[in-house]
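Below is one structure; the comments refer to it alone.
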Amino acid sequence: MPDLSLIVFAFNEAQNVGPVLDELRAWLDQQERTFELIFVDDGSTDGTGERAAQHLDGCPHKCLRHASNRGIGAALKTGVAAANGDWVTFLPADGQIPAESVGTLRAAADASGADVVFSVYDHRDDGFDRKILSAGVRALITLVHGVSLRSEGPYLFRRRLFVPQELASDSFFLNFEFPIGVLQAGLRTTEVTIECRPRRSGASKTARLSVIGRVAKELVDLRIRKTRTALRRFTL
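With the numbering used here applied, the sequence shown covers -1 to 234.
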């Protein structure tokens, strides 16, 4: 059984996926004793999945595909459901996160004994919209859920903690839903700083101010679900 499952997800990243997977494979071959790469094509229409399969040939991997674009959260849940590693982390296929960041997450878990390792970026220049989005979401999380969450990039977690069928969101919001649950449960966490490079090509599909409205709604919906669950347990 692999010690690490690395999930890479993509939607229409045909220009980026080959170099990104080549970089990851080279790093994993040198640094990880046992691993598997799980590629999730989230309904791409530009040949992303076919290129990924070519660049993964010869290494331990799985290629999975959604028939239509379902969102980052759905891609991550699909990947975790197929993972066999004791530890799981993930990367987008846009080339912004260097392969060495996986090592930074792994080293922090070994040093701290944490169950989950969050990451923040040393620098990210995605424009003013992205900065407003990040600040607004952090404030809403504290206001609605009472926890202070610093998590911008990929996180590393013990696979047993992530139960796909218990997580509601299929969107980008899953990257808040799971960490919020981790913090509220009092699990052991730590935080590292990683590099964030410019995209190899193309434009971000999440750095839009319109996203914050949807995130705000999902934060409130999550609070309502948690309250209803707590009330049901209390009445039982």
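The beta carbon of each residue, even a glycine, is placed where N, CA and C say it ideally should be.
query	result
Cα-Cα separation, L159 to V180	9 Å
Sequence-distant residues of the same chain with beta carbon closer than 8 Å to D1, five excluded per side	E30, R31, T32, F33, G83, D84, W85
Proximity of V190 and S117 at Cβ, strictly below 9 Å	yes
Simplified DSSP state of E189, which is helix, strand or coil	strand
Beta-carbon gap between G16 and A65 smaller than 9 Å	no
Alpha-carbon spacing of R156 relative to W25, whole angstroms	21 Å
Local Cβ density within 10 Å of G69, reported as buried at 16 or more and exposed below that	buried
Assumed close pair S169, G71 - CB separation to whole angstroms, cut-off 8 Å	5 Å
Proximity to P96 [Cα-Cα], best of K215, A79, A81, D120	D120
Check whether L217 and I139 have beta carbons under 9 Å apart	yes
I36 classed as buried or exposed, judged by whether at least 16 other C-beta atoms fall within 10 angstroms	buried
Buried/exposed call for P196, threshold 16 Cβ in 10 Å	exposed
Distance between beta carbons of V78 and P152, contact taken as under 8 Å	Going by Cβ atoms, the distance from P152 to V78 rounds to 13 Å, so no, they are not a contact pair.
For Y153: DSSP bridge partner residues	Y153 pairs with nothing; no bridge assigned.
Cβ pair S132, R186 closer than 9 Å	no
N- and C-terminal bounds of the alpha helix (DSSP H) containing S110	98 to 110
CB contact flag (E21, G101, <9 Å)	no
Same chain, Cβ closer than 6 Å to A183, five either side skipped, listed in chain order	none
Closest Cα partner of L147 within the set F7, N173, K224, N14	N173
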